[in-house]
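The next block holds one structure in the form of structure tokens; read it before the comments.
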Amino acid sequence: VGTGPGSFTSTRIGLALAQGLALALDLQVAGVSTLDALAAAREGVFPIVDARRREVFVPGPYVCAPDDLELEPGVTCIGSGAVRYRTTFEDKGALVPADDDAIHLPHARLHALLAREFGPAERLTPLYVRSPDAKVPSSA
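What follows is the structure in structure tokens.
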């Protein structure tokens, strides 16, 4: 199952669904980074996931502003962040496939191929790269 990075809500829902199914069906599960699954689509690509708030998730993993990302000229950038910030990355000399190219999506087949350490569903943890946007209100 994909562990992120990505949207907090989507990541939590995906992990909860996988955990629920694994527990109900007595299955072992394995988590795979979204960035790793994207990178497995084709050799030499650089995965970039839209992190919202005018930021992107990149291998490391870490989060940064698209303008702050240093790219090798001619590198092929893929993923939702590459699509969203196409102009920024192309201006840096990167290549970005057409928006509707399937390479921008992390495919379940690649998650399955990369899955290595299967174990109990309770072991699945999300890959968070930054603090959540939601804050617990302070009691006044």
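Going by the working numbering, the residue at position 24 of the sequence shown is 24; the numbering climbs one at a time, nothing skipped.
Yeah, the Cβ is synthetic: ideal placement off N, Cα and C, and Gly gets one too.
How many Å lie between residue i and residue j at the Cα?
i: residue 150; j: residue 23; result: The structure shown does not extend to residue 150, since the chain is modelled only from 1 to 140, so the question has no answer here.
i: residue 69; j: residue 58; result: 9 Å
i: residue 114; j: residue 128; result: 19 Å
i: residue 65; j: residue 85; result: 10 Å
i: residue 112; j: residue 130; result: 26 Å
i: residue 54; j: residue 96; result: 18 Å
i: residue 1; j: residue 20; result: 12 Å
If distances are taken between C-alpha atoms only, which option among the options comes closest to residue i?
i: residue 117; options: 85, 9 and 28; result: 28
i: residue 152; options: 124, 121 and 4; result: Residue 152 lies beyond the residue range present for the chain, which begins at 1 and ends at 140; the question has no answer from this structure.
i: residue 48; options: 123, 31 and 76; result: 76
i: residue 32; options: 139, 81 and 119; result: 119
i: residue 16; options: 107, 110 and 126; result: 126
i: residue 99; options: 81, 108 and 40; result: 81
Where DSSP assigns a beta bridge to residue i, which residues make up the other side?
i: residue 2; result: 32
i: residue 78; result: 47
i: residue 93; result: Beta-bridge pairing links residue 93 to no other residue.
Self-check item: Uninterrupted alpha helix (DSSP H) stretches inside the segment 17–65 (no shorter than 4 residues)
Solution: 34–39
Practice problem: Determine contact between the segment 87–104 and the segment 4–19, defined as no fewer than three beta-carbon pairs at a distance below 8 Å. | Solution: no
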